[in-house]
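Numbering (the numbering used here), first residue to last: 660 to 770.
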């Protein structure tokens, strides 16, 4: 199944420092409950819930029910897709240029 991302939602979600901090925490340790995500933040439980809703809408966070708890996990695919579209293509040209330079230097050393 090919998943289509809504880049506008992803960029909007990533634009906020609090949401990026939540994503950083989920990158470090996935499977966190709402209570665990609220710990260490200077915002209300309701604010964290709103941020998580935006992250879920952008498909950056996926959840899994475990008993009565809802566990949150980072979904890196939308970020990867943006990377491939906006950064990866430019990086490929640099890697090619470095490879060409390496070959030229090796040829000079053999002469």
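Just so you know, even glycine gets a beta-carbon here, dropped at the ideal spot from N, CA and C.
Quick one: using the 10 Å Cβ neighbour count with 16 as the cut-off for buried, is residue 686 buried or exposed?
-> Stepping through the chain shown from its first residue, residue 686 is reached at position 27. It is exposed - the Cβ of residue 686 has fewer than 16 other Cβ atoms within 10 Å.
Beta-carbon proximity check, residue 713 vs residue 737, cutoff 8 Å = Taking the first residue of the chain shown as 1, we reach residue 713 at position 54. Taking the first residue of the chain shown as 1, we reach residue 737 at position 78. Not in contact: residue 713 and residue 737 (Cβ atoms no closer than 8 Å).
Hey, how far is the Cα of residue 707 from the Cα of residue 764?
-> For the purposes of this step, residue 707 is taken as residue 48 along the chain shown, with counting starting at 1. For the purposes of this step, residue 764 is taken as residue 105 along the chain shown, with counting starting at 1. The straight-line gap separating the alpha-carbon atoms of residue 707 and residue 764 is approximately 54 Å.
Distance between residue 710 and residue 620 (C-alpha atoms, nearest Å) = Here the chain covers residues 660 to 770 and nothing more, so residue 620 does not appear.
Work out the CA separation of residue 729 and residue 704 for me, nearest whole Å.
-> As a working note, residue 704 is residue 45 in the chain shown. As a working note, residue 729 is residue 70 in the chain shown. Rounded to whole angstroms, residue 704 to residue 729 spans 14 Å at the Cα level.
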